[in-house]
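Everything below concerns the one structure shown next.
In full-length UniProt numbering, the protein residues as written are 1 to 227.
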């Protein structure tokens, strides 16, 4: 890998018990058409990727582990990623208290972007590093309204531009998204979330294995109690 300079247990009942909204869904979606050439990119076909380490930031010696299962098309995940996760990173991850791990869980909310967004972010992890993955995932959530909705070309063009702006290879990231290069990996994570953990909604947040509501007050309290 090269380095760059920037580098919900949540069943429906669980969400109701916690008194917080979440994205709920059912089956997996199709891969869609490849629109890479339409945005002016020439990227050769590459092998699909079925295995990558879990994206993680924070000290290996951190006393608390926070795991989050997310769908890039879920508006509640965007709220968590934009409003809550930065506080977690600032107050606990950067101080060596929390180790923060991302898990893909395309419900899917959007048959197109739930899958392709995950592939885009994993391409960034694969081509750069974990810190860049989290930074770019934040950017994708900030611009969530620009993706999906059936506009493949427009979505990929926006993705390309955002990746280029982050000093990444925009065409490579867009191609990985359009062709769902990381779908085997993402599907495996979804299967684990549903079949082994019984999750049905996003975002699912666990603090040292215990589910908490994806609100800052709840997350902060759980971290303080666990440290």
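Note that CB positions come from ideal geometry on N, CA and C, so glycine has one too.
Given the structure is predicted, the values throughout are model-derived calculations rather than measurements.
- DSSP places residue 67 in the uninterrupted beta strand (DSSP E) bounded by 64 to 70.
- Burial state of residue 37 is exposed, judged by a 10 Å Cβ sphere holding fewer than 16 other Cβ atoms.
- Here residue 142 has 82 as same chain residues with Cβ atoms under 7 Å from its own Cβ, once five neighbours each way along the sequence are excluded.
- Shortest Cα-Cα distance from residue 87 to any of 215, 226, 227, 225 involves 215.
- When the alpha-carbon of residue 172 is set against those of 50, 149, 43, 188, the nearest one is in 43.
- DSSP, read as helix, strand or coil, puts residue 117 in helix.
- A direct Cα-Cα distance of roughly 12 Å separates residue 99 from residue 54.
- Residue nearest to residue 107 within the set 179, 201, 168, 40 is 201 (criterion: CA-CA distance).
- Residue 57 sits in a strand when the DSSP states are folded into three classes.
- One thing to note: residue 159 has its Cβ within 8 Å of the Cβ of residue 177.
- Residue range 210 to 212 is occupied by the beta strand (DSSP E) that includes residue 210.
- Less than 8 Å divides the Cβ of residue 35 from the Cβ of residue 153.
- Look at the beta carbons and you see the segment 122 to 141 touching the segment 68 to 80: at least three pairs across the two are nearer than 8 Å.
- Looking from the CA of residue 186, the closest CA among 124, 58, 197, 115 belongs to 115.
- Nearest in C-alpha terms to residue 189, of all of 52, 46, 48, 22, is 52.
- Only buried fits residue 180, as 16 or more other CB atoms lie within 10 angstroms of its CB.
- A distance below 8 Å separates the beta carbons of residue 39 and residue 156.
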